[in-house]
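Before any comments, here is the structure.
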Amino acid sequence: MFVTIAIFGAGVMGETLLSGLLRAGFTPEELVITERRSERAAELEAKYGVRALSNLEAAGAADVLVLVVKPQDMTALLTEIAEHVVPGNLVVSLAAGVGTEAIATHLAAGTPVVRVMPNTPALVDQGMAALSRGAHVSDEQLEQAMDLLRSCGKAIEVPEAYQDAVTAISGSGPAYVFYVVEAMIEAGVVLGLPRATATELTVQTLFGAATMIRETGTHPTVLREQVTSPGGTTAAALRTLDDHKVRAAFVSAIEAAAQRSRELAGG
Numbered sequence: 141m142f143v144t145i146a147i148f149g150a151g152v153m154g155e156t157l158l159s160g161l162l163r164a165g166f167t168p169e170e171l172v173i174t175e176r177r178s179e180r181a182a183e184l185e186a187k188y189g190v191r192a193l194s195n196l197e198a199a200g201a202a203d204v205l206v207l208v209v210k211p212q213d214m215t216a217l218l219t220e221i222a223e224h225v226v227p228g229n230l231v232v233s234l235a236a237g238v239g240t241e242a243i244a245t246h247l248a249a250g251t252p253v254v255r256v257m258p259n260t261p262a263l264v265d266q267g268m269a270a271l272s273r274g275a276h277v278s279d280e281q282l283e284q285a286m287d288l289l290r291s292c293g294k295a296i297e298v299p300e301a302y303q304d305a306v307t308a309i310s311g312s313g314p315a316y317v318f319y320v321v322e323a324m325i326e327a328g329v330v331l332g333l334p335r336a337t338a339t340e341l342t343v344q345t346l347f348g349a350a351t352m353i354r355e356t357g358t359h360p361t362v363l364r365e366q367v368t369s370p371g372g373t374t375a376a377a378l379r380t381l382d383d384h385k386v387r388a389a390f391v392s393a394i395e396a397a398a399q400r401s402r403e404l405a406g407g
């Protein structure tokens, strides 16, 4: 059955999802986008061969409405399109901190709403998306939403109560990794390595370590112990990290991110 998917908001994540869907086999005829800036809309039409419509036109044409707007813009968008969201439509929201019930209150009773927390590695088809179903979402509709997000990486279902923790772990998580990578590169420079060499060493080491975790299924503690010879260089480095309470600092940082997510969701 032919399904029209409308992506409301063609910023970075909106374009990322659009390009991922096309790579996954969706056709330009199945996809429409909305974008307030006319020059941006024209750019995306030319680049991807999709139609750029107004919010009202897109809502009227769509079977699946994917809302990729800023949280502070969500109420205005829903108020504008509410009358055009009909029974049978599926609404998928990628707006951080906006719950399924908050979205559903602006729409007709019984409208199925799925909430998604994506992350930026979706830009390279390595995203991690966590989906939570609202009160009226069927298994088939959830799977439909999962397929959309799988176009840019992996997708899992979580209870909506977990979304603040998901935001803190995977939503904000790439920034923590980039932070550590920056520190490792700077350390290499301090030790006399050219910056390009330090960068290549660090990035490939990170990629290799992550691949080991995913492909071996071995617990990271076991993998860490395999690298750590008694009295060796790794043991000296890890002792210093423990002396500076780095593990505790990471736990506290992620707890702070989750708390901030709860605060933003509350208003």
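Numbered per the working numbering, the sequence shown spans residues 141 to 407.
For each residue, glycine too, the CB sits at the ideal point set by N, CA and C.
None of these values were measured; they are calculated from a predicted model.
> What residue from ASP382, ASN259, HIS276 has the CA that sits closest to ALA269's CA?
Replying inline: ASN259
> What are the boundary residues of the beta strand (DSSP E) that includes ARG255?
Replying inline: Segment 253 to 257, the beta strand (DSSP E) holding ARG255.
> Just the Cα atoms here: how many angstroms apart are MET141 and GLY274?
Replying inline: Residue confidence is low: MET141 scores 49 on pLDDT, short of 50, so the model does not pin down where it sits. Its coordinate-derived value is still stated next. Going by the C-alpha atoms only, they are around 24 Å apart.
>> Based on DSSP bridge pairs, tell me the residues matched to PHE148.
In response: THR174, LEU207
> Where do the N-terminal and C-terminal ends of the alpha helix (DSSP H) with GLY348 fall, by residue?
Replying inline: 335 to 356
>> Alpha carbons only, please: which of GLY228, GLU179, PRO370 is nearest the one belonging to ALA202?
In response: GLY228
> When the Cα of SER401 is compared with those of VAL362, SER312, ILE173, which residue comes out closest?
Replying inline: With respect to the C-alpha of SER401, the residue from VAL362, SER312, ILE173 having the closest C-alpha is SER312.
>> Suppose you measure from the CA of PHE318 to the CA of THR345; what does that come to, to the nearest Å?
In response: About 13 Å.
> When we look at the beta-carbon of LEU331 and count the other beta-carbons within 10 Å, is it buried (16 or more) or exposed?
Replying inline: exposed
> For GLY189 versus PRO211, is the C-beta spacing smaller than 8 Å?
Replying inline: no
> Where does VAL231 sit, in a helix, a strand or coil, going by DSSP?
Replying inline: strand
> Per DSSP, which one or two residues make a beta bridge with MET286?
Replying inline: MET286 is not bridged to any residue.
> What number of angstroms, rounded off, separates the C-alpha of GLY119 from the C-alpha of MET352?
Replying inline: Any question about residue 119 goes unanswered here, given that the chain covers just 141 to 407.
>> Would VAL208 and PHE148 be called neighbours here (beta carbons separated by less than 8 Å)?
In response: yes
> With C-beta atoms as the reference, is GLY239 less than 8 Å away from ALA405?
Replying inline: yes
> Thinking just about the alpha-carbon of each residue, which of VAL204, ARG163, GLU395 is nearest to the one in LEU282?
Replying inline: Taking only the C-alpha atoms, the option nearest LEU282 is VAL204.
> Between LEU247 and the rest of its own chain, which residues show a CB-CB distance below 8 Å, the 5 nearest in sequence each way excluded?
Replying inline: LEU218, ALA222, VAL225, VAL231, VAL253
> Can the beta-carbon of CYS292 be found closer than 8 Å to that of ALA262?
Replying inline: yes
> First and last residue of the beta strand (DSSP E) that includes ALA297?
Replying inline: Reading off the sequence shown, one finds Glu at residue 297, where the question assumed Ala. Taken as a continuous stretch (DSSP letters only), the beta strand (DSSP E) holding GLU297 covers 293 to 297.
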